[in-house]
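What follows is a short report on a single structure.
In my numbering, the protein residues as written are 273 to 696.
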């Protein structure tokens, strides 16, 4: 089986086999080269021009390292054999399944990644915009099915179906049964997706906020048994709880300093409005071919045809909307009263404004029907304890909110005068 390699700025070399190369070479996957990971964040951090393409390769690489770290440990292998009747052939097959799910987990992303998700067509069932995961499943079981299922490596060694990959990404136990727990490597609070984007985004933004001890994380990853459901779950050993805590803190820092940066948020909004004016609502998952035609390049092309659009002009001239009022982290009744007064004054003076409420739950706790979502610490007997029982920081971290008012540049001086008068 031939092996290929590609040089990556985060991990060095990333290797892949002939089958994976054909998937990577497929136009559906190559489209990710034309979708920036952080939309217009490079307007603030010029190095942030990386794409979903290299992120997806990185997640495959890191997911593999996580899988190998878990399955090379004798106690974990014994648990898998006793609990799920795993043999070596099953471990090899699931390793390949995890790699493919990690590689393809973001293949359904919209142009400019999350920045355009608010204008994706609504799901008729939920009434909310469809998620990129919805498109991912359609693409894997549609245009990618042949390249996934028909390669000789797969037919000879694994027998993995497109439905298997989609099921692992979605967390569908009807197809995967008890082995669905491997999804935790793809999507959880301790997953390869998060592990990669923290390191990769930090590197390209030129910051250190998302850096954590990856080597320590890998050597402490372990499997345990949920005492209530008796399901196999993923966590870290007691010796690894500090690095798990560091991962949570790194994510908090990246959101507070990068993803929630005031100017980045402004560009996200302007881009969303410009796309809405030029393209309208993005195609639904049942119009997948139309959706595939859209990437960052195509959106820019269509925006140029609307060169008189205010939002497009604001982006290309870098004359972005201005943040004139903020409530950071904690709000009081006095803050709310001041805000209401400011908005009333803006309305009376015909000052356009945008209210931005950036909210994020930094760490999800167990309970309220959410299942075991916390990072779990695995004891010597394979018993499990939530990370919050060890970490005072994690125990006290909660939902964070940043509220901001933005106005158009020409109104900035008048808006700041009003705010000053209201606050006096």
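We treat Cβ as the ideally placed atom computed from N, Cα and C, and that holds for glycine.
None of the values given here were measured: they were computed from a predicted structure.
First through last residue of the beta strand (DSSP E) which encompasses residue i
i: residue 658; result: 656-658
i: residue 509; result: 504-509
i: residue 726; result: Missing from the structure shown is residue 726; the chain here goes from 273 to 696 and no further.
Any C-beta of chain D under 9 Å from that of residue i
i: residue 476; result: Absent here is chain D; the protein component of the structure consists of one chain.
Whole-number beta carbon distance between residue j and residue i, since they are thought to touch under 8 Å
i: residue 512; j: residue 496; result: Contact doesn't hold; Cβ gap of about 12 Å is too wide.
i: residue 437; j: residue 412; result: 5 Å
i: residue 416; j: residue 322; result: Not a contact, Cβ separation roughly 23 Å.
i: residue 686; j: residue 621; result: 7 Å
i: residue 387; j: residue 540; result: 5 Å
i: residue 535; j: residue 316; result: 5 Å
Three-state class that DSSP yields for residue i in the structure shown
i: residue 462; result: coil
i: residue 415; result: coil
i: residue 628; result: strand
i: residue 499; result: coil
i: residue 284; result: strand
i: residue 275; result: strand
i: residue 682; result: helix
i: residue 616; result: helix
i: residue 289; result: strand
i: residue 549; result: helix
i: residue 676; result: strand
i: residue 480; result: coil
i: residue 394; result: strand
i: residue 565; result: coil
i: residue 663; result: coil
i: residue 599; result: strand
i: residue 579; result: coil
i: residue 536; result: helix
i: residue 557; result: helix
i: residue 688; result: helix
i: residue 633; result: strand
i: residue 695; result: helix
Test item: CB-CB of residue i and residue j under 9 Å
i: residue 628; j: residue 676; result: yes
i: residue 593; j: residue 538; result: yes
i: residue 369; j: residue 475; result: no
i: residue 708; j: residue 658; result: It is not possible to answer for residue 708, since the shown part of the chain is limited to 273 through 696.
i: residue 505; j: residue 673; result: no
i: residue 571; j: residue 383; result: yes
i: residue 458; j: residue 470; result: no
i: residue 630; j: residue 477; result: no
i: residue 366; j: residue 408; result: no
i: residue 542; j: residue 614; result: no
i: residue 695; j: residue 596; result: no
i: residue 559; j: residue 393; result: yes
i: residue 289; j: residue 432; result: no
Endpoints, alpha helix (DSSP H) assigned at residue i
i: residue 425; result: 424-429
i: residue 310; result: Note, residue 310: premise wrong, no alpha helix (DSSP H); not H, not E.
i: residue 330; result: 324-343
i: residue 582; result: 582-588
i: residue 514; result: 513-526
i: residue 438; result: 434-442
i: residue 362; result: 360-376
i: residue 492; result: 486-492
i: residue 320; result: From DSSP, residue 320 is part of no alpha helix (DSSP H); its letter is neither H nor E.
i: residue 353; result: 346-356
i: residue 302; result: 299-302
i: residue 383; result: Run containing residue 383: none; DSSP gives neither H nor E here.
i: residue 446; result: 445-448
Any non-hydrogen atom of the ligand SAM closer than 8 Å to residue i Cβ
i: residue 482; result: Looking at this structure, you won't find the ligand SAM or any other ligand, since it has none at all.
Exposed unless 16 or more other CB atoms sit within 10 angstroms - verdict on residue i
i: residue 582; result: exposed
i: residue 577; result: exposed
i: residue 561; result: exposed
i: residue 295; result: buried
i: residue 643; result: With a pLDDT of 48 at residue 643, under the threshold of 50, the modelled position of this residue cannot be trusted; read the value that follows with caution. Its Cβ having fewer than 16 others within 10 Å, residue 643 is exposed.
i: residue 523; result: buried
i: residue 423; result: buried
i: residue 276; result: exposed
i: residue 336; result: buried
i: residue 573; result: exposed
i: residue 641; result: For residue 641, the pLDDT reaches just 40, beneath the cut-off of 50, and the residue's location in the model is therefore unreliable, although a value from the coordinates is still provided. Answer is exposed; the Cβ neighbour count stays below 16.
i: residue 487; result: exposed
i: residue 360; result: exposed
i: residue 364; result: exposed
i: residue 313; result: buried
i: residue 308; result: buried
i: residue 654; result: buried
i: residue 454; result: buried
i: residue 281; result: exposed
i: residue 344; result: exposed
i: residue 410; result: buried
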